[in-house]
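A.B. asks: Sharing a structure, written as structure tokens. Questions coming.
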Amino acid sequence: MGETVQLTVAQATVRFLSQQYSESDGVEHKFFEGCFGIFGHGNVAGLGQALLQAEIDEPGSLPYVLGRNEQAMVHSAVAFARMRNRLQTYAVSSSVGPGATNMVTGAALATINRIPVLLLPADTFADRSASPLLQELELPYAGDVTVNDCFRPVSKYFDRIWRPEQLPAALISAMRVLTDPAETGAVTVCFPQDVQAQSYDWPVELFAKRVWHMSRPLPESAIISRAAEIIRGASKPLIVAGGGVHYSGATEALAAFCEATGIPVGQTQAGKGTLVYDHPQCLGAIGSTGTTASNAVAHEADVIIGIGTRYEDFTTASRTAFQNPDVKFVNINVAPIDAVKHAGLAVQADAREALSALASLLDDHTVSDTYRSRYLQLDAEWDATVAKAFAEEEPAPGLLSQSSVIGLVNELSDPSDVVVCAAGSMPGDLHKLWRTRDPKGYHVEYGYSCMGYEVAGGLGVRMACPDRDVFVMVGDGSYLMMATELATAVQESIKIITVLVQNHGFASIGSLSESLGSQRFGTSYRKRSAATGRLDGDKLPLDLAANAASFGLEVIKVTTKAELADAIKTAKAATESIVIYVETDPLIDAPSSQSWWDVPVSSTSTLTSTQQASEFYQGKKNEQKPFLTPTA
Ligand SMILES: Cc1ncc(C[n+]2csc(CCOP(=O)(O)OP(=O)(O)O)c2C)c(N)n1
Ligand SMILES: [Mg+2]
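For the sequence shown, our numbering assigns the number 6 to the initial residue and increments by one for each residue that follows.
This is the structure:
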């Protein structure tokens, strides 16, 4: 055996992580910016001791950040990694039991959005010397199952270190998955409490600097030629640009391809910003929360070129967006699971490489002038719709429309500032309305649409780009679910601007409920009324502005558009985190997408509202396409 060094399993893990780098286009990046953590008995003496030792012995090697909620820490890590185009991320250390399972939601969010994050939950003793432990699951039928097995279905790689010898292979596998653009997502490596603290003689090479190349798979020439042929044969082609365009660094290649060919682009939530909003070929959002321009073009398109998209139901309007009976799909994606969707031509490749290959194969090709003028006209109409929504006046004293709030934040933020959101009515409204002026200026988590991502995500975004202001747009529902990381923002002096939109409940689900015949049941924050016994009493006397102020932040309460404009300017000028509190009317919707989303309605009911909704629903179901015709 060669040279060894004695360290605990936890110390070895920290030392290994601090030596990992990613490399893309010849540039190296330290892969782990740091480690979020909340200590409990499961990790305080193992990973906690190792992080302390690293902070003292090698400052900056893996800086520790104390969060407030394990789920939130995973969100912050994901937001950070997404802003850095998956080239860098954070590790997250939790205690055993509830601290660990709090991260399961974050893991699902990371995996669904294909964003790398390394989770290090503590686990129950490997040697079972004191079982059953505090927080141990104890299943009567299996001795080797712990609560951490909940991570298996939501992780792209899962491992548990029962003994020190397993660590090197587990860490190498974890890195392989984290840095593979097709595989990446949540990686979970569980550390039994006793094993964390155990010493072992490690080969010194384990801690050598390791550089992980981020691959850019090239398209096969026969396949890309076929793709070019299909596009050449199209009269109404449309690109659907997803998050993969960002992660591959393909925004310039996309712009060049669109400008050369005249092919327009509809953008998914993760794909917003792939072209800036006023690029002539940018039709903005597509699908259930899309623009009328994208959706009208999608309706007739004969070839859909999906680039870095997973074709979520919001993108395809639950498979009703593409109504041309002969529509074909060309799918450019590094991930085989996405490339084969809708029976499309699977171009399994890096987006930037595939786009430049297509550009040279199609350098003499453009769409017709008729098609170009039609989509430009539709785009201009949508732009006017947005301008009108942004200009909406206060509907009642003290109330604003949500569209006008979005408009003011959009207009008064800098082009490079970042808007952050995840759940509620705001993501859809932002998708439609927000005028994205910088590729990374729009950050809405809509793979998992997880309430509570907003503040935590905003923190991660700002950590990734301290030179941009971050506007966290958060509804009262999401705020109540997880505002906790405002404390972390204060602790770290990380500036985020939170726009807290109070509409006393779930405007989004209320409006959805109404459209499905369920009469907004149970979606607004009301006291249970003594008279009716139902949740239709007075508004809850929640004071979320006071709640936000309790984190030690400045809170500005606004009641008019003019006050909101002033508050945004104050927030921009501030150096610390700030919260703007605004009340909006939940009954004023953003302009319609002329689209649909499949949410099944009760097929039997004695309520007229439900019966009517059910009839409408069955009609829409008939528009849904299976997309099974093979693309040769
Ligand atoms: C963790 C989680 N729970 C439930 C949901 C379902 N859901 C989506 S939006 C929403 C309401 C959000 O309320 P709020 O933040 O006030 O936004 P608003 O709808 O009022 O715009 C709910 C309950 C979700 N997306 N995430
Ligand atoms: Mg609300």
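Note that CB positions come from ideal geometry on N, CA and C, so glycine has one too. The structure displayed is predicted, hence computed values, not measured ones.
Measure the CB-CB distance between Lys-500 and Tyr-376 and report whether it falls below 8 angstroms.
C.D. replies: Position 495 of the sequence shown, counted from the first residue, corresponds to residue 500. Position 371 of the sequence shown, counted from the first residue, corresponds to residue 376. No.
A.B. asks: Please state the DSSP three-state secondary structure of Asn-336.
C.D. replies: Mapped onto the sequence shown, residue 336 falls at position 331. Reduced to three states, the DSSP call for Asn-336 is strand.
A.B. asks: Using a Cβ-Cβ cut-off of 6 angstroms (strictly less than) and excluding sequence neighbours within five positions of Gly-557, which residues of its own chain qualify?
C.D. replies: Your numbering for residue 557 matches position 552 in the sequence shown. Contacts found: Val-495.
A.B. asks: Mapping the DSSP letters down to three states, classify Met-456 as helix, strand or coil.
C.D. replies: By 1-based counting over the sequence shown, the position of residue 456 is 451. Three-state DSSP puts Met-456 in coil, outside helix and strand.
A.B. asks: Between the region 176-193 and the region 117-130, do at least 3 Cβ pairs fall closer than 8 angstroms?
C.D. replies: They touch, by the three-pair rule.
A.B. asks: Which residues in the same chain as Ala-275 place their Cβ atom closer than 6 angstroms to its Cβ, once the five residues preceding and following it in sequence are excluded?
C.D. replies: Position 270 of the sequence shown holds residue 275. Closer than 6 angstroms at Cβ, skipping near neighbours: Gly-247 and Gly-248.
A.B. asks: Hey, Tyr-69 and Gly-39: beta-carbon distance below 8 angstroms or not?
C.D. replies: Reading the sequence shown from its first residue, position 64 is the one you call residue 69. Reading the sequence shown from its first residue, position 34 is the one you call residue 39. Yes, Cβ-Cβ distance for Tyr-69 and Gly-39 is below 8 angstroms.
A.B. asks: Assuming Trp-207 and Gly-289 are in contact, meaning their beta carbons sit under 8 angstroms apart, how far apart are those beta carbons, in whole angstroms?
C.D. replies: Taking the first residue of the sequence shown as position 1, residue 207 is located at position 202. Taking the first residue of the sequence shown as position 1, residue 289 is located at position 284. With 8 angstroms as the limit, Trp-207 and Gly-289 do not qualify as a contact, their Cβ atoms being about 53 angstroms apart.
A.B. asks: Please state whether DSSP places Ser-99 in a helix, a strand or coil.
C.D. replies: For the purposes of this step, residue 99 is identified with residue 94 of the sequence shown, where counting begins at 1. If DSSP states are grouped into helix, strand and coil, Ser-99 belongs with the strands.
A.B. asks: Kindly indicate which residue of Val-410, Thr-634 and Gly-446 has the alpha-carbon position closest to the one of Leu-350.
C.D. replies: In the sequence shown, residue 350 corresponds to position 345, counting from 1. It is Thr-634 whose Cα lies nearest to the Cα of Leu-350.
A.B. asks: So, helix, strand or coil for Arg-531, using DSSP?
C.D. replies: Walking along the sequence shown from the start, residue 531 turns up at place 526. In this structure, Arg-531 counts as strand in the three-state DSSP scheme.
A.B. asks: Rank Phe-327, Asn-329, Ala-348 and Pro-330 by C-alpha distance to the C-alpha of Asn-336 and give the top, closest one.
C.D. replies: Locating residue 336 in the sequence shown gives position 331, counting from the first residue. Per the Cα distances, Ala-348.
A.B. asks: Would you say the beta carbon of Met-478 is closer than 7 angstroms to some non-hydrogen atom of ligand 1?
C.D. replies: The residue given as residue 478 occupies position 473 in the sequence shown. The answer is no for Met-478.
A.B. asks: Enumerate in chain order the residues of its own chain whose CB-to-CB distance from Ser-619 is below 6 angstroms, with the five nearest sequence positions on each side excluded.
C.D. replies: Here the question's residue 619 lines up with position 614 in the sequence shown. Same-chain partners within the cutoff: Val-606 and Ser-608.
A.B. asks: Any idea what DSSP makes of Ala-394, helix, strand or coil?
C.D. replies: As a working note, residue 394 is residue 389 in the sequence shown. It is helical.
A.B. asks: Comparing C-alpha positions only, which one of Arg-531, Ala-306 and Val-339 sits nearest to Thr-325?
C.D. replies: Along the sequence shown, one-based indexing puts residue 325 at 320. Minimum Cα distance to Thr-325 is reached at Ala-306.
A.B. asks: Between Asp-481 and ligand 1, is there a pair consisting of the residue's CB and a ligand heavy atom that are separated by less than 7 angstroms?
C.D. replies: Looking up residue 481 in the sequence shown gives position 476. Under cutoff, so the answer is yes.
A.B. asks: Just grab the DSSP bridge partners of Ser-204 for me.
C.D. replies: Taking the sequence shown and counting its residues from 1, one reaches residue 204 at position 199. Ser-204 pairs with Thr-13.
A.B. asks: On the three-pair Cβ rule with 8 angstroms, is the region 505-513 touching the region 585-592?
C.D. replies: With the cut-off at 8 angstroms, the region 505-513 and the region 585-592 touch.
A.B. asks: Run through DSSP, which three-state label would Gln-407 get?
C.D. replies: Residue mapping note: residue 407 aligns to position 402 of the sequence shown, counting from 1. It is helical.
A.B. asks: How far does the alpha helix (DSSP H) with Glu-264 in it extend, from its first residue to its last?
C.D. replies: In the sequence shown, residue 264 corresponds to position 259, counting from 1. Segment 256-266, the alpha helix (DSSP H) holding Glu-264.
A.B. asks: Could you work out which residue in Ser-454, Leu-405 and Arg-467 is closest to Val-424 when comparing CA atoms only?
C.D. replies: For the purposes of this step, residue 424 is identified with residue 419 of the sequence shown, where counting begins at 1. Of the candidates Ser-454, Leu-405 and Arg-467, the one whose C-alpha sits nearest the C-alpha of Val-424 is Arg-467.
A.B. asks: Starting from Leu-144, follow its DSSP beta bridges and name the residues at the other end.
C.D. replies: For the purposes of this step, residue 144 is taken as residue 139 along the sequence shown, with counting starting at 1. DSSP output for Leu-144 lists Ala-147 as bridge partner(s).
A.B. asks: CB of Phe-163 to nearest heavy atom of ligand 1: below 7 angstroms?
C.D. replies: Start at 1 with the first residue of the sequence shown, and residue 163 comes out as number 158. No, the Cβ of Phe-163 stays beyond 7 angstroms of every heavy atom of ligand 1.
A.B. asks: Have a look at Ala-15 and Ile-514 and give me their C-alpha separation to the nearest angstrom.
C.D. replies: What you label residue 15 is simply residue 10 of the sequence shown in a count that begins at 1. What you label residue 514 is simply residue 509 of the sequence shown in a count that begins at 1. So the alpha carbons of these two residues sit roughly 44 angstroms apart.
A.B. asks: Do Val-584 and Leu-405 count as a contact pair if the criterion is CB distance below 8 angstroms?
C.D. replies: For the purposes of this step, residue 405 is taken as residue 400 along the sequence shown, with counting starting at 1. For the purposes of this step, residue 584 is taken as residue 579 along the sequence shown, with counting starting at 1. Going by C-beta atoms, Leu-405 is not nearer than 8 angstroms to Val-584.
A.B. asks: Would you be able to state if there are at least three C-beta pairs under 8 angstroms between the region 361-368 and the region 218-229?
C.D. replies: Contact between the region 218-229 and the region 361-368 is present, because at least three Cβ pairs lie under 8 angstroms.
A.B. asks: By a C-beta neighbour count over all protein chains shown, 10 Å radius and 16 as the cutoff for buried, is Gln-623 buried or exposed?
C.D. replies: Residue numbering aside, residue 623 sits at position 618 when the sequence shown is read from its first letter. The residue is exposed, with fewer than 16 neighbouring Cβ atoms inside 10 Å.
A.B. asks: Quick one: is the Cβ of Ala-428 within less than 7 angstroms of any heavy atom of ligand 1?
C.D. replies: Translated into the one-based positions of the sequence shown, residue 428 becomes position 423. Yes.
A.B. asks: For a test of your reading of the model: does the CB of Phe-130 fall under 7 angstroms from any non-hydrogen atom of ligand 4? Yes or no.
C.D. replies: Ligands displayed in this structure: ligand 1 and ligand 2; ligand 4 is not among them.
A.B. asks: My understanding is that Arg-357 touches Gly-254, with C-beta atoms under 8 angstroms, so please give their C-beta distance in whole angstroms.
C.D. replies: On the sequence shown, position 352 is the one that residue 357 refers to. On the sequence shown, position 249 is the one that residue 254 refers to. That pair is a contact at about 6 angstroms.
A.B. asks: So, using beta-carbon positions, are Pro-420 and Arg-442 closer together than 8 angstroms?
C.D. replies: Residue 420 sits at position 415 when you count from the first residue of the sequence shown. Residue 442 sits at position 437 when you count from the first residue of the sequence shown. Going by C-beta atoms, Pro-420 is nearer than 8 angstroms to Arg-442.
A.B. asks: My output table needs one value for Ile-501: the three-state DSSP class, helix, strand or coil.
C.D. replies: One-based indexing of the sequence shown puts residue 501 at position 496. Here Ile-501 sits in coil by DSSP.
A.B. asks: DSSP has His-645 in a bridge; who is on the other side?
C.D. replies: With the chain covering 6 to 637 only, the question about residue 645 has no answer from this structure.
A.B. asks: Would you check if there are 3 or more beta carbon pairs closer than 8 angstroms linking the region 90-103 to the region 59-66?
C.D. replies: No, they do not touch.
A.B. asks: For ligand 1, any of its heavy atoms closer than 7 angstroms to the Cβ of Ser-454?
C.D. replies: Start at 1 with the first residue of the sequence shown, and residue 454 comes out as number 449. Yes.
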